[in-house]
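Trainee: In the numbering used here, the protein residues as written are 146 to 303.
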């Protein structure tokens with residue numbers, strides 16, 4: 146064990162038998178944090194207090210974010226990343242309901258599904274993340290809109 150001072154308070158470090166820090170509990174501006182590392186000093190897990198609650202991050206062996214569960218002013222969020230750290234899936238609470246993003250390998254949104262008090266919406270996007278097909282509901286019914294790559298409407302019902 147090692148106790149030291151950090152920028153916001155104390156740090157308690159837990160070392161393995163080779164003297165490598167494998168876990169730390171530290172004081173931060175918003176509260177406390179727990180960091181878990183492997184024997185190569187790679188940060189694998191991080192749980193911390195944030196302004197609106199907490200955040201848990203899990204990294205892969207490439208030191209890239211694989212999963213994050215966090216809170217914000219709107220509620221909670223779950224993000225899953227690929228092996229290079231790009232966000233591939235996001236599920237979030239919003240001010241009016243929920244949002245579910247399915248992204249391509251680079252992290253651009255390919256499909257977005259939202260739920261709200263008025264119903265729901267599905268966006269099917271092009272390779273630049275722009276909507277090409279939008280299926281939505283509202284208090285008066287539903288609609289389907291098809292757009293070109295520039296965002297111009299080429300077909301809609303109703």
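Backbone N, C-alpha and C fix where the C-beta goes; we use that ideal spot for every residue, glycine too.
On a predicted model such as this, the values are computed, not experimentally measured, just so you know.
(1) Looking at residue 268 and residue 257, is the spacing between their C-beta atoms short of 8 Å?
(2) Buried or exposed: residue 204, going by 16 or more other Cβ atoms within 10 Å of its Cβ?
(3) What are the start and end residues of the beta strand (DSSP E) that includes residue 246?
(4) For the beta strand (DSSP E) containing residue 270, list its first residue and its last residue.
(5) For the beta strand (DSSP E) that residue 175 lies in, which residues bound it at each end?
(6) Under the three-state reduction of DSSP, which class applies to residue 153: helix, strand or coil?
(7) Select from 231, 194 and 207 the residue whose C-alpha is nearest the C-alpha of residue 216.
(8) Report the partner residues of residue 254 according to the DSSP bridge assignment.
(9) Enumerate, from N- to C-terminal direction, the unbroken beta strand (DSSP E) stretches of 3 or more residues contained entirely within the stretch 157-235.
(10) Measuring alpha carbon to alpha carbon, tell me which residue in 197, 184 and 178 is nearest residue 191.
(11) Report yes if the C-beta distance between residue 218 and residue 186 is below 8 Å; otherwise report no.
(12) So what's residue 294 in DSSP terms, helix, strand or just coil?
(13) Tell me which residues share the same chain as residue 213 and place their Cβ nearer than 6 Å to its Cβ, disregarding the 5 neighbours each side in the sequence.
Mentor: Reading from the atomic positions:
(1) The sequence position of residue 257 within the chain shown is 112, counting from 1. The sequence position of residue 268 within the chain shown is 123, counting from 1. Result yes, Cβ atoms of residue 257 and residue 268 sit closer than 8 Å.
(2) Position 59 of the chain shown, counted from the first residue, corresponds to residue 204. By the neighbour-count rule (16 or more Cβ atoms within 10 Å), residue 204 is buried.
(3) Counting from 1 along the chain shown, the entry for residue 246 is found at position 101. Per DSSP, residue 246 belongs to the beta strand (DSSP E) from 242-248.
(4) As a first step, residue 270 is located in the chain shown; it is residue number 125 there, counting from the start. Unbroken beta strand (DSSP E) run through residue 270: 264-270.
(5) Taking the first residue of the chain shown as 1, we reach residue 175 at position 30. For residue 175, there is no enclosing beta strand (DSSP E), as DSSP marks it with neither H nor E.
(6) Within the chain shown, residue 153 is the residue found at index 8, counting from 1. The answer is coil: DSSP assigns residue 153 none of H, G, I, E or B.
(7) Taking the chain shown and counting its residues from 1, one reaches residue 216 at position 71. Nearest option by C-alpha distance: 194.
(8) Working through the chain shown from its first residue, we reach residue 254 at position 109. Answer by DSSP bridge pairing, in chain order: 248.
(9) List check, beta strand (DSSP E) in window: 166-172, 177-182, 188-195, 198-204, 210-217 and 220-226.
(10) Here residue 191 corresponds to residue number 46 of the chain shown, with the count starting at 1. Restricting attention to 197, 184 and 178, the CA atom closest to the CA of residue 191 is found in 178.
(11) What you label residue 218 is simply residue 73 of the chain shown in a count that begins at 1. What you label residue 186 is simply residue 41 of the chain shown in a count that begins at 1. No, the pair does not count as a contact, with Cβ atoms beyond the cut-off.
(12) Walking along the chain shown from the start, residue 294 turns up at place 149. If DSSP states are grouped into helix, strand and coil, residue 294 belongs with coil.
(13) Taking the chain shown and counting its residues from 1, one reaches residue 213 at position 68. Correct list, in chain order: 202 and 224.
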